[in-house]
Amino acid sequence: MSRGSFWVTADRVPTPAGSVLRGPMYVEWEVPDGATKTPVVLVHGGGGQGTDYLTTPDGRPGWAPLLVQHGHPVYIVDRPGHGRSPYDPAVLGQPAPTWGAEVLAGIFLGDPAGPPLPPHTRWPGELDGSDDVFEQFIATQGPLMADTSAMHSLERDRLIALLDRIGPAFVVAHSAGGPGAYLAADARPDLVRGLAAVETIGPPFLGQPQAGITLPWGLAAAAPAYDPPASTVEELRLVVDSSGPVPKALQEEPARMLPGLAQVPIAIVTAQASPFRFFDGHLKDYLDQAGCSSVFLRLEDAGIEGNGHGMMLESNNAEVLAVITDWFAQLVGKDDGATDDRR
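When you line the sequence shown up against the numbering used here, it's residues 26 to 368, in that order.
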């Protein structure tokens, strides 16, 4: 077993204190002895950090050590400005407010004011957020960049540089880590063997403006490589359907294609007791319309019930991970992908 860490770096920005690196990205890696399986890049969500994949708030192994246990090299990133990737307002701009405990509880533990959902039974602590499990989780949280377009562009560029360095890999992206991952896969489809979109932020185009995340280009606030090209978001003419619990926006036909992202197999991973289930179909419709290849991995279809948005942190995280690695195996052959750890 070997392990280590490095930073993906780029340009320096002049400041009154001297030149400062703009948004370096910390990467922690681990490679099992004799590894032959495809590496996996793990991209965390929200204002969190790569610790989401290292361990759970109640102290069990996270997805990263579970993947290593089953033969995959792993690369766990702290997105720029998060965790061990320092946030310097002099170069990244003033941050948006950190999401508070009440907002996070609504997303991860359940929102009583939201549309009804099946019972959330897999969070490893109290669903009212009154215990140390939730305290351990919210302690990981920090601010996002206020400039969403700059944030997504920066995450795209750092993930591209990581893929250029390590070669072909699977990418697993959660929640607000989705936009940068989509953009990187769009730019480097030859280096992304498959993208597991684990409840990535959405819905497409509409985003979550109340949380400070807008997606005017569809999957991100920065532009992917549409065909025909679009130079401004105003060129993307939309049709909005407000009949469901969450409005759905698609392009007017004929829709612009995403020829880069269309080369990347995408799995849309959704939990049964998560509010993201209300717009996972919107993401599928958007990807299909843009010529992309996507499939649903709804956990309840695999007999896995009761999970919420933080499925990698929950009591059955190994069972959830096995659904994703089974999909990896379908893409590249059983010797490379699947885990059979369904405890």
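Even for Gly, the Cβ is constructed at its ideal location relative to N, Cα and C.
The ligand ADP heavy atom lying under 8 angstroms from the CB of residue i
{"i": "residue 220", "result": "With respect to the ligand ADP, the structure shown offers nothing to examine, as it has no ligands at all."}
Option nearest residue i by Cα separation, candidates the options
{"i": "residue 278", "options": "263, 162 and 213", "result": "263"}
{"i": "residue 41", "options": "49, 26, 31 and 114", "result": "114"}
{"i": "residue 141", "options": "249, 92, 69 and 303", "result": "303"}
{"i": "residue 339", "options": "65, 152 and 287", "result": "152"}
{"i": "residue 24", "options": "265, 127, 259 and 323", "result": "Residue 24 is absent from the structure shown; the chain starts at 26 and stops at 368."}
{"i": "residue 63", "options": "53, 192 and 178", "result": "192"}
{"i": "residue 26", "options": "44, 58 and 46", "result": "58"}
{"i": "residue 225", "options": "346, 335, 33 and 34", "result": "335"}
{"i": "residue 167", "options": "72, 308 and 45", "result": "72"}
{"i": "residue 327", "options": "33, 314 and 294", "result": "294"}
{"i": "residue 449", "options": "344, 330 and 354", "result": "This structure gives no information on residue 449, because the portion of the chain shown stretches from 26 to 368."}
{"i": "residue 276", "options": "165, 260, 267 and 54", "result": "260"}
{"i": "residue 272", "options": "344, 308 and 280", "result": "308"}
{"i": "residue 237", "options": "223, 122 and 315", "result": "122"}
{"i": "residue 280", "options": "85, 315, 67 and 186", "result": "315"}
{"i": "residue 116", "options": "164, 45, 125 and 77", "result": "45"}
{"i": "residue 398", "options": "231, 230, 195 and 202", "result": "Past the boundaries of the shown model lies residue 398; the chain is included only from 26 to 368, so the question cannot be answered."}
Where residue i falls: helix, strand or coil (DSSP)
{"i": "residue 198", "result": "strand"}
{"i": "residue 37", "result": "strand"}
{"i": "residue 295", "result": "strand"}
{"i": "residue 282", "result": "strand"}
{"i": "residue 186", "result": "helix"}
{"i": "residue 164", "result": "coil"}
{"i": "residue 242", "result": "coil"}
{"i": "residue 139", "result": "coil"}
{"i": "residue 89", "result": "helix"}
{"i": "residue 181", "result": "helix"}
{"i": "residue 120", "result": "strand"}
{"i": "residue 274", "result": "strand"}
{"i": "residue 43", "result": "strand"}
{"i": "residue 110", "result": "coil"}
{"i": "residue 251", "result": "coil"}
{"i": "residue 103", "result": "strand"}
{"i": "residue 256", "result": "coil"}
{"i": "residue 323", "result": "strand"}
{"i": "residue 152", "result": "coil"}
{"i": "residue 302", "result": "helix"}
{"i": "residue 289", "result": "coil"}
Residue i to residue j span [Cα, whole Å]
{"i": "residue 306", "j": "residue 200", "result": "15 angstroms"}
{"i": "residue 209", "j": "residue 321", "result": "21 angstroms"}
{"i": "residue 104", "j": "residue 69", "result": "7 angstroms"}
{"i": "residue 134", "j": "residue 148", "result": "7 angstroms"}
{"i": "residue 110", "j": "residue 97", "result": "24 angstroms"}
{"i": "residue 297", "j": "residue 36", "result": "42 angstroms"}
{"i": "residue 81", "j": "residue 101", "result": "15 angstroms"}
{"i": "residue 50", "j": "residue 252", "result": "30 angstroms"}
{"i": "residue 228", "j": "residue 206", "result": "16 angstroms"}
{"i": "residue 284", "j": "residue 214", "result": "9 angstroms"}
{"i": "residue 93", "j": "residue 150", "result": "26 angstroms"}
{"i": "residue 289", "j": "residue 33", "result": "23 angstroms"}
{"i": "residue 287", "j": "residue 313", "result": "9 angstroms"}
{"i": "residue 184", "j": "residue 256", "result": "23 angstroms"}
{"i": "residue 139", "j": "residue 197", "result": "27 angstroms"}
{"i": "residue 180", "j": "residue 258", "result": "20 angstroms"}
{"i": "residue 118", "j": "residue 349", "result": "36 angstroms"}
{"i": "residue 55", "j": "residue 170", "result": "29 angstroms"}
{"i": "residue 90", "j": "residue 175", "result": "32 angstroms"}
{"i": "residue 28", "j": "residue 53", "result": "8 angstroms"}
Residue range of the unbroken beta strand (DSSP E) whose run includes residue i
{"i": "residue 305", "result": "Run containing residue 305: none in the beta strand (DSSP E); it sits in the alpha helix (DSSP H), 305–314."}
{"i": "residue 268", "result": "Element bounds for residue 268: n/a, residue is neither H nor E."}
{"i": "residue 233", "result": "230–233"}
{"i": "residue 226", "result": "Note, residue 226: premise wrong, no beta strand (DSSP E); not H, not E."}
First and last residue of the uninterrupted alpha helix (DSSP H) at residue i
{"i": "residue 450", "result": "This structure leaves residue 450 out entirely; the chain is present only between 26 and 368."}
{"i": "residue 211", "result": "203–212"}
{"i": "residue 356", "result": "342–357"}
Counted within 10 angstroms of its Cβ, other Cβ atoms place residue i as buried (16 or more) or exposed
{"i": "residue 299", "result": "buried"}
{"i": "residue 132", "result": "buried"}
{"i": "residue 291", "result": "buried"}
{"i": "residue 48", "result": "buried"}
{"i": "residue 190", "result": "exposed"}
{"i": "residue 318", "result": "exposed"}
{"i": "residue 249", "result": "buried"}
{"i": "residue 234", "result": "exposed"}
{"i": "residue 2", "result": "Missing from the structure shown is residue 2; the chain here goes from 26 to 368 and no further."}
Closer than 9 angstroms to chain B by CB, residue i
{"i": "residue 213", "result": "The chain labelled as chain B is not found in the depicted structure, where only one protein chain is given."}
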